[in-house]
Structures are given as structure tokens and as C-alpha cells.
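Just so we're aligned, residue 5 is where the sequence shown starts under our numbering, counting upward by one.
Just so you know, even glycine gets a beta-carbon here, dropped at the ideal spot from N, CA and C.
Source: prediction; values computed, not measured.
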Amino acid sequence: MTEFVKGLPKAELHLHIEGTLEPDLMLALGKRNGVPLSYSSVSEVEAAYEFTNLQSFLDVYYEAARTLLTRQDFFDLTFEYLERASADGVARAEIFFDPQTHTERGVPIGTVIGGISDALDAATERLGMSSGLILCFLRHLPAAQAMATLESALSYRHLLLGVGLDSSEVGHPPGDFADVFAAARDEGLRVAVHAGEEGPPQYVWEALDILGAERIDHGNRALEDAALVNRLVVDQVPLTVCPLSNLKLQVVRRLEDHPLRDMLQLGLNVSINSDDPSYFGGYIGANYERTQAALELSDEELAGIARNSMKATFLPEEEKQVLLDRLDVYTSGRRPVANGL
Ligand code: ADE
Ligand code: ZN
């Protein structure tokens, strides 16, 4: 990775913690917890990562998540990610987790949130990293289960930043989840929704107008609808784009075909994120780097993308400004000032 990309202060806004489970940790947890896996080596695991679409990935991802059982497992998973992200210049991470993937197997939601939150606290202390936690509902499961999940999570409300919607997109429109998102908004939770990865522009409209989405995760297919693009530009709704994910899940055929440059030219707030980096061939730094190479982005354009990521965080304005100032110091090449910015 170039020194410029590595040092560029950035926020990661589209990252599923279960998607950071590296093959070696998966195998170790399988052994530690007595969970049988169909793989016996890292190379066997990696050989399974040939995906043709979102569902072919999700099948492998949910299978691997069965190895996560204890609070320590969730801590180890999360802290490993945070160390990698910090090394890639991530100053702020707003992290998705999928509680239903674990509660369905009998793992208490407190174990999941507790282990992840312990790691976020450790990263604040040891790495100086700022972070937040976003609970995602699985859209392939009924809306009533999402509501029950929200209710059980409210004991941990103080540890949550927001809610999201993920999993198999086509056939599961955002509008189906109107009630649970209304309840989450009433609790003051922020809203980010996966839409337009494989699903039509209509799902992006529903995410905005029915669920109150403040960010759209992916959003690639929004480009098919000029009125929608106009709405996203006028309101500066952030799109958390994931280039290596799009490549691996065949949303685009080649990285050179990725619409990110078009999105920037349209005036959309686009950021670069890693989605499920252990499965898609690279963490956030690699996503910046490979996208830069494929689309011939300049350092100024990369800095603009990092700026978009800071602006799109769910931080209070003053804290956002601290990050933006840090980015300005970096891009203007000035030496860090005495207060550490
Ligand atoms: N869960 C994990 N990664 C996802 C993605 N890219 N889209 C939808 N659900 C997901
Ligand atoms: Zn995602």
C-alpha cells in the first residue's frame, strides 16, 4: 500500500464484523469450541471463496459464523479487525453486527454485544480509535423477528449507535421493515440500510422514505434512476461503496468497470469501505489502493473520498470536525500540531 493511502485518515462505515473472520481464526475457534467445519486448512477455506453472487457468499459467511460462541470469541474477532483497520489509517469505524446469526444458535445477545464492545473500548484505549456499533437486522427473516431482536437489544441501548438492514436483498424490500425501523428511530438510533447492491432503485427509495435511512450501504443500482440520483445528491445522502466486495460478488465484472468515478462526478457522497474483508480479498487500505489503480484516481480524489467518509459518520458535528481537521493537516502536508491533531 502506498504511504499516502496508509496514512490518509479515514472512516470505515460499511464493515460487517462477522466478515472479518480470517480463515486461521475460524479454524482456531472451530477447534476451541468443538464446532465441526468442512475445512481443515487455511487453503481449503480460501478455496471455498469463489462467489457468483451475494447469496453464494452469505451461505459460506453464515456457516463460518457458527464458530463464534463466547464473549472472548467476539472480542478476539473484533480486536483483530480494529488492529488491521488502525494500521490502514482508520480513525473512526462504525461497525455492523448481525445478532440474529448468533441468537438463532442460542448465543445470548449480551455475549455478542459484550464481546464486541469490550474490543471497541480496548481499541479506544490502546489504538486511539473511535468507533460505534450498528445492529443489523437480517432481511431474509420475518420482520417480527427483527422487532423481537430490537426489543432484546434495548437492554444494551447505551452500547449501540444505530441499526441497519442486511443479508439477501432481492425479494426482501426495505418497506417490509417499516415498524422496526420506526421503533429504532424512536429510541434515537441512527439508520443505515443496505440497498441497491443487487436490488432495484425502488429499494433505495424505500430505504430513504420508509425506513428513514441516513446512509445507503452500496447503492450501486441507484444510478439507474436519475430522479433518485438527484435526491441523493441534493440531500448528500452518503453511499458506502465497497469495490472489492462488488468485484468478488460479481456486481461488477472488472474493477475498471466500477461506477465509483461516475458517482463522484455526479456529486454523490461516496466513501470506500471493505464490507467483508476476510472474504473479499482486502481490508480498507487495499480497497482504496486497488480502486485507485483501476480507476486512476488522484491523491486529491482519494482525499476527497476520505473526507466524504468523515462527513458521513454518525458522530456529533464537533467530533466530526476534529477528524476533518486531522485530514486537512495530513493533506496539506503540515506537521501535526501539539494537541495531537
Ligand atoms: N452481510 C454481510 N455482507 C453483506 C452484503 N454485502 N450485503 C448484504 N448483506 C451482507
Ligand atoms: Zn454490507
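Pair within 8 Å by beta-carbon distance, residue i and residue j
| i | j | result |
| --- | --- | --- |
| Val9 | Glu293 | yes |
| Asp63 | Asp170 | no |
| Ser2 | Leu131 | The requested residue 2 does not occur in the structure, where the chain is confined to residues 5 to 345. |
| Leu299 | Arg258 | no |
| Val184 | Phe141 | yes |
| Val46 | Pro27 | yes |
| Tyr65 | Asp280 | yes |
| Leu148 | Pro178 | Before going on, a small fix: residue 148 reads as Ala here, not Leu. No, these two residues do not count as a Cβ contact at 8 Å. |
| Ile99 | Ile21 | yes |
| Gly2 | Leu193 | There is no way to answer for residue 2, as the model of the chain reaches only from 5 to 345. |
| Arg219 | Ala316 | yes |
| Asn277 | Leu86 | no |
| Ser121 | Ala95 | no |
| Phe83 | Tyr283 | no |
| Thr244 | Asp213 | no |
| Gly285 | Lys252 | yes |
| Leu270 | Val233 | yes |
Beta-carbon proximity list for residue i, same chain, < 6 Å, skipping 5 on both sides
| i | result |
| --- | --- |
| Glu191 | none |
| Asp92 | Tyr287, Ile288 and Gly289 |
| Gln240 | Asn273 |
| Arg68 | Reading off the sequence, residue 68 comes out as Ala, not Arg. If we look at Ala68 and ignore the five residues flanking it on each side, its Cβ neighbours are Leu25 and Met30. |
| Gly118 | Arg75 |
| Gly70 | One detail in the question is off: residue 70 reads as Arg in this sequence, not Gly. Counting only Cβ-Cβ distances below 6 Å, and skipping sequence neighbours, we find Val39. |
Nonlocal neighbours in the same chain, by C-beta distance under 7 Å from residue i, ignoring five residues either side
| i | result |
| --- | --- |
| Ser313 | Lys14, Ala15, Leu17 and Ser275 |
| Leu145 | Gln104 |
| Ala217 | Val195, Ala196, Val197 and Ala211 |
| Pro263 | Asn224 and Leu227 |
| Thr56 | Gln254 |
| Gly11 | Gly93 and Tyr334 |
| Ala152 | none |
| Ala150 | Phe141, Phe181 and Val184 |
| Asn343 | With a pLDDT of 49 at Asn343, under the threshold of 50, the predicted position of this residue should be treated as unreliable, though the coordinate-derived value follows. Excluding residues within five positions, none has a Cβ falling inside 7 Å. |
| Ala72 | Just to set this straight, residue 72 is Leu in the shown sequence, not Ala. The answer, listed in chain order, is Leu33, Phe78, Leu81 and His106. |
| Leu164 | Leu137, Leu139, Ala157 and Leu193 |
The ligand ZN heavy atom lying under 7 Å from the CB of residue i
| i | result |
| --- | --- |
| Asp28 | no |
Closer than 7 Å: residue i CB and nearest the ligand ADE heavy atom
| i | result |
| --- | --- |
| Ser249 | yes |
| Gly385 | Nothing in the structure corresponds to residue 385, since the chain is present only between 5 and 345. |
| Gly192 | no |
| Glu210 | no |
| Glu173 | yes |
| Gly23 | yes |
| Tyr287 | no |
| Leu58 | yes |
| Tyr85 | no |
| Tyr66 | no |
Close-in-space but distant-in-sequence residues of the same chain around residue i (CB under 8 Å, 5 per side omitted)
| i | result |
| --- | --- |
| Asp332 | none |
| Leu268 | Val274, Glu305, Gly308 and Ile309 |
| Arg311 | Leu328 and Leu331 |
| Gln59 | Ser172 |
- Residues with a Cβ closer than 6 Å to any heavy atom of the ligand ZN, in chain order? His18, His20, Asp170, His198, Asp221 and Asp279
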